[in-house]
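A short worksheet on the structure shown next.
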Amino acid sequence: RAILKSAFSRYKSEIVLSVCKHLRDSEMNRLAGNLLILGGVFFVISSHVQGFLVTRQNEEWPESCDSEIYCYGPLLHTIQMAQIFNDSKTFVDMKLKQPPEATMQVFRDFMALHNNEPTRDQIRGFVEDNFDKEGSEFEPWTPTDWHQNPEFLNNVRDEKLREFGRELNGLWLKLGRKMTKEVEERPELYSIIHVDHPVIVPGGRFREFYYWDSYWIVKGLLYSEMYLTVKGMLQNYLDIISRFGFIPNGGRVYYSQRSQPPLLAGMVKAYLEFTNDEKFAIEAVPILEHEFNFWFNNHTVQCMGHTLCVYGDKSKGPRPESYREDVISAEDFPSEEEKQEHYSELKAGAESGMDFSSRWFVNDDGTNNGDLKHLKTRSIVPVDLNAFLFWNAKIIAEFYALGGNLTKAAEFEARATQIANGIHACLWHEDLGTWLDYDLINGRRRNYFVPTNLSPLWTKAFNTANEAVITDKVLRYIDSQKIDSYPGGVPNTLANTGEQWDYPNVWAPMQYMLIAGLDGLRDQRAKDLARSWATRWVHSNYIAYNETHAMFEKYNCEELGGHGGGGEYEVQIGFGWSNGVIIEFLDKYGDVLSAPGSSSHGLKPFSAFFVATVALFGTILMRIFG
């Protein structure tokens, strides 16, 4: 649709003139007018008919980045397809020992020596000879603003939970990263994107910053009173927008053609609320506006007559960090064009942050039954992205007003209203009492539970004058989905596909959105449910931490204290956003929270069976020897 609109807009005059130059003046004028009217009608229809999608022409799209080492080409293909590492990300995070041009020449000589068919061991030797181990871009760093006993600990009544919070606060020291001077001086040797200030990373394989993870990391750091660290991280992001025009998915060059859910404005707002640093917010707002415009210049679709945004990517080839996995998943597509479309869908799913989930599956009958072959992320209007963009517009308006620019403030208040109207018209469903993603291919709502269905509660992307009615309907929706019945938290979906963003996995940011959204309502029932879910989430994390001394990326809804699995890589520990969410919940609910009892909490099924068996055996012995 976008391509056709652009073509008509660009060439309509030439089309009319070329046809009409052979006609008499009167005929020419009449035909020209009719063609323009017809073109205008086509323009309107193509802008509003749902599901009228044109295959994206990606033959002119760029590679993931311009590096023949880290993003595309025979060297990357040869090494990644050899699977010399368990995780494809390992190789593309390694440092070059010599400049890219020299490395490529060594590679060409290497391939010629082995008749273009080197063995796996030979490829492993080539990598060892020409690359340094992943993580060599960092040097030891201790945040200067770290505090052993931040104030939030005083808000935690329970001694065990207070100690839990103290240990989480200590994890920031393990997750801090500062880049070496060489990264700045010789960036061509690295895949990492240089930033001036140290960062707190998620942990595990995620050695660099990740965009939307940083929101919950920043919130946790603010409660830990690490204001200088936060300011540096925010300044990094503002600098990156100035360089790239947006914030990449993560801090590697191979992420530089896609973003993640836009939460920087929310981070700056949180920083302002904790520090009252109005100068920083006022200076940041033009750059926040630039990021906002990136989304509306590159990600828009029409949904029921309203302009909303979708996730997407405009680069060729497999994801470098999951190269082999993507090539294998594309094998079922017969043509190169279909493979490229599939790669784009994979990258769009990664941009959403939910890589991957049945949320993005659209099979031939329009349902979410399927697998990665059925990814249609680019054709689904997501509730959360548009709720976030509404929030962005409100924050930008607030910051412009703070700086005295009332004209720009009014402009962005109007933009926020437009987005809210679109969310209501396209995504709100009165009969169900919830918002739902919208399928542009089939022109229908996606009636499947995802926590992000309720993300407008968190960002206030609804008519607050109707809050009481919406609250009643939302609470009934929650009850109808039975999502309060799981001991380990609200699952990300109710579809058990083996993908990591599906059942039974539970994710900290999703629990946060639900809980913060419900708590922000004025209805006591909603607030009570929020507190109940926050209690359950703290207990589950506490039990898992006591058993493993680790915080996990994801957890299991079926078990209090169980961690998650599935997806393309092993479960990761660290873990930035999980730590941040728990720290905020300890601060907010610490006066009423108690550590879970030890009698049955956290017992694995075998442990419970073993305890029960011992107890039964003991009873039998007592009766025998009474």
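Add 220 to the 1-based position in the sequence shown for my numbering, that's all there is to it.
Just so you know, even glycine gets a beta-carbon here, dropped at the ideal spot from N, CA and C.
Since the model is a prediction, treat every value here as computed from it, not as a measurement.
Let's test the definition: count the other Cβ atoms within 10 Å of the Cβ of Ser700 and tell me whether it reaches 16, buried, or not, exposed. Residue mapping note: residue 700 aligns to position 480 of the sequence shown, counting from 1. Taking a 10 Å sphere around the C-beta of Ser700, we find fewer than 16 other C-beta atoms and assign the residue as exposed.
Under the three-state reduction of DSSP, which class applies to Ala634: helix, strand or coil? On the sequence shown, residue 634 is found 414 positions in, with the first residue counted as 1. Annotated three-state conformation of Ala634 is helix, per DSSP.
Quick check on this structure: which residue in Glu357, Phe330, Asn335, Ser356 has the alpha carbon closest to the alpha carbon of Arg344? Translated into positions along the sequence shown, residue 344 becomes position 124. Checked all of Glu357, Phe330, Asn335, Ser356; the closest Cα to Arg344 is Phe330.
Grab me the residues of Ala645's own chain with a C-beta within less than 6 Å of its C-beta, minus the 5 sequence neighbours each way, in chain order. The residue labelled residue 645 in the question sits at position 425 within the sequence shown. Closer than 6 Å at Cβ, skipping near neighbours: Met524, His526.
CB-CB length for Trp432 against Gln480, believed under 8 Å: On the sequence shown, residue 432 is found 212 positions in, with the first residue counted as 1. On the sequence shown, residue 480 is found 260 positions in, with the first residue counted as 1. Indeed, because the Cβ distance is near 4 Å, the residues count as touching under 8 Å.
Residue(s) in a DSSP beta bridge with Glu359: In the sequence shown, counting from the first residue as 1, residue 359 sits at position 139. Lys398, per the DSSP bridge assignment.
What are the start and end residues of each continuous beta strand (DSSP E) run of 3 or more residues lying completely inside the region 362 to 449, in chain order? The region 362 to 449 contains these whole beta strand (DSSP E) runs: 396 to 399.
Does Leu806 pass the burial test, meaning 16 or more other C-beta atoms within 10 Å, or should it be called exposed? Position 586 of the sequence shown, counted from the first residue, corresponds to residue 806. Buried, since its Cβ has 16 or more Cβ neighbours within 10 Å.
Need the endpoints of the beta strand (DSSP E) that Lys567 sits in, please. Working through the sequence shown from its first residue, we reach residue 567 at position 347. Not the beta strand (DSSP E): Lys567 falls in the alpha helix (DSSP H), residues 556 to 571.
Return the residue from the list Lys315, Gln325, Leu388, Gly663 that minimises the CA-CA distance to Gly800. Taking the first residue of the sequence shown as position 1, residue 800 is located at position 580. Scanning Lys315, Gln325, Leu388, Gly663 for the CA closest to the CA of Gly800 turns up Leu388.
So, are the CB atoms of Thr713 and Phe669 less than 8 Å apart? Along the sequence shown, read from residue 1 onward, the residue named residue 713 stands at position 493. Along the sequence shown, read from residue 1 onward, the residue named residue 669 stands at position 449. Closer than 8 Å, so yes.
For Lys559, which of Ala568, Val547, Gly569, Ala570 has the nearest alpha-carbon? As a position in the sequence shown, residue 559 is number 339, starting the count at 1. Shortest Cα-Cα distance from Lys559 to any of Ala568, Val547, Gly569, Ala570 involves Val547.
For Ala736, which residues in the same chain have their Cβ closer than 6 Å to its Cβ, ignoring the five residues on either side in sequence? Translated into the one-based positions of the sequence shown, residue 736 becomes position 516. Cβ-Cβ distances below 6 Å link Ala736 to Trp678 in the same chain, with the five nearest sequence neighbours on each side left out; the list follows chain order.
Are the CB atoms of Gly786 and Asn725 nearer to each other than 8 Å? If you number the sequence shown from 1, residue 786 lands on position 566. If you number the sequence shown from 1, residue 725 lands on position 505. In this structure, the beta-carbon distance from Gly786 to Asn725 falls below 8 Å.
Inter-residue Cα distance where the pair is Lys747 and Val530: For the purposes of this step, residue 747 is identified with residue 527 of the sequence shown, where counting begins at 1. For the purposes of this step, residue 530 is identified with residue 310 of the sequence shown, where counting begins at 1. Whole-angstrom Cα-Cα distance: 31 Å.
Could you give the uninterrupted runs of the beta strand (DSSP E) lying entirely in the region 760 to 797, keeping only those of 3 residues or more? Runs found: 774 to 776.
Span separating the alpha-carbon of Lys439 from that of Ile803: Position 219 of the sequence shown, counted from the start, is the residue given in the question as residue 439. Position 583 of the sequence shown, counted from the start, is the residue given in the question as residue 803. If you take the alpha carbons of Lys439 and Ile803, they lie about 9 Å apart.
Which term fits Glu571, buried or exposed, when burial requires 16 or more other beta carbons within 10 angstroms of its beta carbon? Your numbering for residue 571 matches position 351 in the sequence shown. Looking at its Cβ environment, which holds 16 or more other Cβ atoms inside 10 Å, Glu571 is buried.
Quick one: Cα of Val694 to Cα of Ala681, how far? Position 474 of the sequence shown holds residue 694. Position 461 of the sequence shown holds residue 681. Between the alpha carbons of Val694 and Ala681 lies a distance of about 14 Å.
Own chain partners of Asn513 with C-beta closer than 6 Å, once the 5 adjacent residues on each side are dropped: As a first step, residue 513 must be located in the sequence shown, where it is residue number 293. Once the five neighbours on either side are set aside, Asn513 has no close Cβ partner at all.
Could you give the DSSP three-state label for Asp552: helix, strand or coil? Here the question's residue 552 lines up with position 332 in the sequence shown. Look at Asp552 here: in three-state DSSP terms it is coil, with no helix or strand label.
Between the alpha carbons of Ser578 and Glu719, how many angstroms are there, rounded? The residue you call residue 578 lines up with position 358 of the sequence shown. The residue you call residue 719 lines up with position 499 of the sequence shown. Taking the straight line joining both Cα atoms gives about 8 Å.
With 16 other CB atoms within 10 Å as the buried threshold, where does Ala688 fall? Along the sequence shown, read from residue 1 onward, the residue named residue 688 stands at position 468. By the neighbour-count criterion, in which a residue is buried when 16 or more other Cβ atoms sit within 10 angstroms of its Cβ, Ala688 is exposed.
Check for me: the beta strand (DSSP E) holding His526 runs from which residue to which? Along the sequence shown, one-based indexing puts residue 526 at 306. Counting along the chain, the beta strand (DSSP E) containing His526 begins and ends at 526 to 529.
Determine, using beta carbons only, whether Leu528 and Val601 come nearer to each other than 8 Å. Residue 528 sits at position 308 when you count from the first residue of the sequence shown. Residue 601 sits at position 381 when you count from the first residue of the sequence shown. It is a contact, given that the beta carbons lie within the stated cut-off.
Beta carbon of Leu484, beta carbon of Leu508: below 8 Å? As a position in the sequence shown, residue 484 is number 264, starting the count at 1. As a position in the sequence shown, residue 508 is number 288, starting the count at 1. Cβ atoms of Leu484 and Leu508: closer than 8 Å.
So does the region 351 to 362 actually touch the region 398 to 409, counting three or more Cβ pairs closer than 8 Å? With contact defined as three or more Cβ pairs closer than 8 Å, the region 351 to 362 and the region 398 to 409 are in contact.
On the CB-based measure, 16 or more other CB atoms within 10 Å of its CB, does Thr672 come out buried or exposed? Start at 1 with the first residue of the sequence shown, and residue 672 comes out as number 452. So Thr672 counts as buried.
Considering only the alpha carbon of each residue, which of Asp365, Ile467, Phe426 lies closest to Ser308? For the purposes of this step, residue 308 is taken as the residue at position 88 of the sequence shown. Its Cα nearest to that of Ser308, the residue Phe426 stands out among Asp365, Ile467, Phe426.
Classification of Pro729 by the beta-carbon crowding that lies within 10 angstroms, buried from 16 upward: As a first step, residue 729 must be located in the sequence shown, where it is residue number 509. In summary, Pro729 is buried, with 16 or more beta-carbon neighbours lying within 10 Å of its beta-carbon over all protein chains present.
Run through the DSSP bridge pairs and tell me what Thr520 is partnered with. By 1-based counting over the sequence shown, the position of residue 520 is 300. Looking at the DSSP output, Thr520 bridges to Cys529.
According to DSSP, is Ile661 part of a helix, a strand, or is it coil? Start at 1 with the first residue of the sequence shown, and residue 661 comes out as number 441. Secondary structure of Ile661 (DSSP, three-state): coil.
Short Cβ contact (8 Å threshold) for Lys489 with Ile615: Walking along the sequence shown from the start, residue 489 turns up at place 269. Walking along the sequence shown from the start, residue 615 turns up at place 395. One thing to note: Lys489 has its Cβ within 8 Å of the Cβ of Ile615.
Check whether Lys317 and Asp352 have beta carbons under 8 Å apart: Taking the first residue of the sequence shown as 1, we reach residue 317 at position 97. Taking the first residue of the sequence shown as 1, we reach residue 352 at position 132. Their beta carbons are under 8 Å apart, which means Lys317 touches Asp352 by this criterion.
Assuming Asn625 is part of the alpha helix (DSSP H), what are its boundary residues? As a first step, residue 625 is located in the sequence shown; it is residue number 405 there, counting from the start. First-last for Asn625: undefined, no H or E at that position.
Figure out for me which residue from Pro506, Asp575, Ala568, Arg745 has the closest Cα to the Cα of Ala629. Residue 629 sits at position 409 when you count from the first residue of the sequence shown. The shortest C-alpha separation from Ala629 is found at Pro506.
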